[in-house]
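Per my numbering: the sequence shown = residues 125 to 235.
Every residue gets a Cβ at the ideal spot worked out from N, C-alpha and C, and that includes glycine.
This structure is a prediction, so every number in the text was calculated from the model and none was measured.
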Amino acid sequence: MKFLMLVVVDPSLESTEEGPVSIEQWVDETYGAGKAVEGDRLRPPADAKTIRRRNGSIHVTDGPFAETHEWIAGFDVLECDSLEEAIELASRHPMATGGIIELRPAWPLDL
């Protein structure tokens, strides 16, 4: 099963708690085991563009699509045998302690 793991930053959170592992250890564990197959950081919301097509016109606006303090800082694509395994991997990511991890199962078009 494929999962998209969104790494979300919330500047209003002030956690001094350390995660169970460092980001380097998490990457070594998940990518080393073949459980994470792709990932990267994302540019900040100020660099984002939102695109909408309405009545034949294309509208491009600056920034994220929603008014929120939180913003997506990165992503990883996980390949796991179950949702439980994906949750376990995501819970070990350092940003699960200092931010938010959003985990979404892929929904293949052919299903």
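Open item on the list: In whole angstroms, give me the CA-to-CA distance for G143 and L213.
Closed with: Translated into positions along the sequence shown, residue 143 becomes position 19. Translated into positions along the sequence shown, residue 213 becomes position 89. Spanning the two alpha carbons is a distance of roughly 12 Å.
- [ ] Quick one: grab the DSSP three-state call for T154.
- [x] As a working note, residue 154 is residue 30 in the sequence shown. In the structure shown, T154 sits in a helix (DSSP, three-state: H, G or I).
- [ ] With L213 as the anchor, note down where its alpha helix (DSSP H) starts and where it stops.
- [x] By 1-based counting over the sequence shown, the position of residue 213 is 89. Start and end: 207 to 216.
Open item on the list: Quick check on T140: does DSSP put it in helix, strand or coil?
Closed with: Against the sequence shown, residue 140 aligns to sequence position 16. Reduced to three states, the DSSP call for T140 is coil.
Task: D234 (DSSP reduced to helix, strand or coil) - done: Translated into positions along the sequence shown, residue 234 becomes position 110. It is coil, neither helix nor strand.
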